[in-house]
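When the count follows this note's numbering, it moves up by one through the sequence shown with no breaks and lands on 165 for the last residue.
Below is one structure; the comments refer to it alone.
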Amino acid sequence: MYPKHVDVSTLDSDDLVELRDGRKIYIVPDDDMDRVDVFDVQGAPIGAFHFAMIQDADDSYWHHLTWQYLDAQDGYRRCGIGQKVLEIAIELWDTRITAGESDGNKSSLGDHLQGDGVPFVARMREKGLIARSSYDPAPEARWDED
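Below is the structure:
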């Protein structure tokens, strides 16, 4: 499920972002609002974030993170890509993000936290980018504050 190599001339220049270390990458949300692909400046895949869009009875919705990986190439983990992906998804899709728990079980959506996902989700919850619980789509996090 890794994204395929892309011709960067087909990518939107607005999707080009700079990392903390000065490197540039493309963060490309798809139009179906269920995936964000990440590429280097040559168009080689770095990874992707997959989401399930969940709708409430009141027609509100949010996105549940079901799979994330940034290991298609070495050297792109722990450099701020994941946080940028979440910030872009929240702003562009006007949504909230939830994620699974680190309890060793897969949820009904097929997600579970393992490896780097555990500390990543914990840190993003601290920053208010991911809800505190996948069972609480309206978390205490202050979504509207800048």
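All C-beta atoms, glycine included, are put in the ideal place defined by N, C-alpha and C.
Note that the structure is predicted; figures quoted are calculated from it, not measured.
Under the three-state reduction of DSSP, Asp51 is assigned to coil, being neither helix nor strand. The straight-line gap separating the alpha-carbon atoms of Ile46 and Pro138 is approximately 22 Å.
DSSP places Ile73 in the uninterrupted beta strand (DSSP E) bounded by 64–74.
Ile44 is positioned such that its CB atom lies closer than 8 Å to that of Ile100.
If you compare the alpha carbons of Ile107, Lys103, Asp59, His83 with that of Asp93, the shortest gap goes to Asp59. For Asp78, the three-state secondary structure derived from DSSP is coil. In this structure, Thr117 is the residue among Thr117, Trp86, Gly136 with its C-alpha nearest to the C-alpha of Gln74. The Cβ-Cβ distance between His82 and Thr114 falls below 8 Å.
A residue is called buried when at least 16 other Cβ atoms come within 10 angstroms of its Cβ; Ala76 does not meet this threshold and is exposed. In the three-state reduction of the DSSP assignment, Gln102 falls in the helix class, which pools H, G and I.
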